[in-house]
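Numbering (this note's numbering), first residue to last: 18 to 140.
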């Protein structure tokens, strides 16, 4: 449904280091690199990271989060490990979420700006 999504961050270089690390296990790389924006995708840009003077305040109670598709469960595990190593905070260790579906394998983290992100595999 969406063509792309943009996230405003307080520190573009820090966010770039974080997203480079956490998206690599998902086969998503930085396809566009500039002072004003970083763009990520597999073959086409789908995620833009932008510097913002007033990023949307992250709020755990807001329900806002971004979910990335993973090709397999080991990619979900690697996403979670990379996020913690790159300065993210655990928000749900890798595992089955039976309340979502019997095969919903996911991990949840909070990025350095406080945004909740997830990697998911349905296999």
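Note that beta-carbon positions come from the ideal geometry of N, C-alpha and C, so glycine has one too.
Quantities reported herein were computed from a predicted structural model and do not represent experimental measurements.
- If you draw a 10 Å sphere on the C-beta of residue 119, you find fewer than 16 other C-beta atoms in it, and that means exposed.
- For residue 137, the secondary structure class from DSSP, reduced to helix, strand or coil, is strand.
- Residue range 29-40 is occupied by the alpha helix (DSSP H) that includes residue 34.
- Our two residues, residue 100 and residue 39, have alpha carbons roughly 5 Å apart in a direct line.
- For residue 45, there is no enclosing beta strand (DSSP E), as DSSP marks it with neither H nor E.
- The C-beta distance from residue 138 to residue 77 rounds to 24 Å, too long to meet the 8 Å contact threshold.
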